[in-house]
Amino acid sequence: MEIFLAVSRAVCTKGTFAEEIIKNQSMKILVTNDDGVRAPGIAALADALDRLGEVEVVGPSEGQSGAGHGITFLEPLTAERVSIGASRQAWSVAGTPADCVKLGINELLPSAPDLVVSGINAGANRGVDVLYSGTVAAAAEAALMGIPSVAVSLEAADTFDFKGAGAWALRVVAPVLPLGMPKGTMLNINVPAASRVEARGIRLVPQSLLAWEDSYQRRQDPRGRDYYWLSGAVPAPDTGNLTDLRALEEGWVTVTPLQFDLTDHARMNVWRDLWTI
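Numbering (my numbering), first residue to last: 250 to 526.
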């Protein structure tokens, strides 16, 4: 981890280290997202990653924000070739982001990718957002397969600079590639809004555990039946340790390693003898 932090600082100040790594890469990369295969963020991400090798895009046919790690198994999946961005061919899958990764790797791509990158999401995925995010779930699915994976999200603003966010993602990803990632581990990257991004650099930070302040708007349809819209507020930034929530608020590009062993190993040790027969 210290190696990664030191490398990231070098990349922030000079960019030369990342440039050398980029020149020496020739990878097979799967790009996906949860905003839909025709969303501008996925095209910008694919364009940025072209410098690392051969990019294949496999995205959901419709937006899947908040889909989490859902998969489709009660109905068949369909996939078709579509054109996105300027002239890039992509796979459009009528399923979830996790479906896109599973189907892409097992059926649609000629061979398994060396790297999976999900995004660029239109809106941040920091803190507990990662539990709901289809963007993060797609990268997590690849991580569970043992494939290095990254999720990239851009903080919401009046306008989205996806090209700029793609450049930041490349600067984060490039120095990690020679180090590798253990199975079940991924990187979660959040880029602040374009108006603030140039003021700061990259920070390696832990995930915040502050939850959203949920609320629902109750309305009525023309027949007088109640229905509900989820709203709520983003939690205030942490006042203690520097987390992804607070660092993003301060204008940093945040990098958080995530792992998907959900076992509470500390509780395992404390409770080990409770049910001994």
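C-beta: ideal position from N, C-alpha, C; glycine also.
Note that this is a predicted model, so its numbers are computed, not measured.
For R452, is the classification buried or exposed, using 16 other Cβ atoms within 10 angstroms of its Cβ as the cut-off for buried?
Residue mapping note: residue 452 aligns to position 203 of the sequence shown, counting from 1. Buried is the call here.
Quick check on the DSSP output: what are the complete beta strand (DSSP E) runs of length 3 or more inside the segment 429 to 469, in order along the chain?
The segment 429 to 469 contains these whole beta strand (DSSP E) runs: 434 to 440, 451 to 453, 465 to 469.
Assess contact between the segment 352 to 367 and the segment 383 to 400, defined as three or more Cβ pairs (one per stretch) separated by less than 8 Å. Is contact present?
The way I'd put it, the segment 352 to 367 does touch the segment 383 to 400; three or more beta-carbon pairs between them come closer than 8 Å.
Could you give the C-beta distance for A371 and D284, rounded to a whole number, given that I count them as a contact under 8 Å?
As a first step, residue 371 must be located in the sequence shown, where it is residue number 122. As a first step, residue 284 must be located in the sequence shown, where it is residue number 35. Contact flag correct, Cβ pair sits at about 6 Å.
Roughly how many whole angstroms lie between the Cα atoms of G290 and T281?
Counting from one through the sequence shown, the residue named residue 290 turns up at place 41. Counting from one through the sequence shown, the residue named residue 281 turns up at place 32. Taking C-alpha positions only, G290 is separated from T281 by approximately 10 Å.
Out of I438, S275, A460, L458, which one is the CA nearest neighbour of G450?
Within the sequence shown, residue 450 is the residue found at index 201, counting from 1. Of the candidates I438, S275, A460, L458, the residue whose Cα lies closest to the Cα of G450 is I438.
Please check the pair V379 and Q456, which I expect to be a contact at CB under 8 Å, by giving their CB distance rounded to whole angstroms.
Here residue 379 corresponds to residue number 130 of the sequence shown, with the count starting at 1. Here residue 456 corresponds to residue number 207 of the sequence shown, with the count starting at 1. The Cβ separation is near 7 Å, so the contact holds.
Could you check whether the segment 421 to 436 touches the segment 394 to 409, counting it as contact only if at least three pairs of C-beta atoms, one from each stretch, sit closer than 8 Å?
Counting C-beta pairs with one atom in each stretch, the segment 421 to 436 and the segment 394 to 409 have three or more that are closer than 8 Å, which means they touch.
Under the rule that 16 or more other beta-carbon atoms within 10 Å means buried, what is S257, buried or exposed?
Taking the sequence shown and counting its residues from 1, one reaches residue 257 at position 8. Note on S257: pLDDT 42, under 50, position unreliable in the model; the coordinate value appears next. So S257 ends up on the buried side.
Report yes if the C-beta of A414 is less than 7 Å from at least one heavy atom of the ligand HEM; otherwise report no.
Absent from the structure shown: the ligand HEM. Ligands present: none.
So, using beta-carbon positions, are G376 and A316 closer together than 8 Å?
Taking the sequence shown and counting its residues from 1, the one referred to as residue 376 is at position 127. Taking the sequence shown and counting its residues from 1, the one referred to as residue 316 is at position 67. Their beta carbons are not under 8 Å apart, which means G376 does not touch A316 by this criterion.
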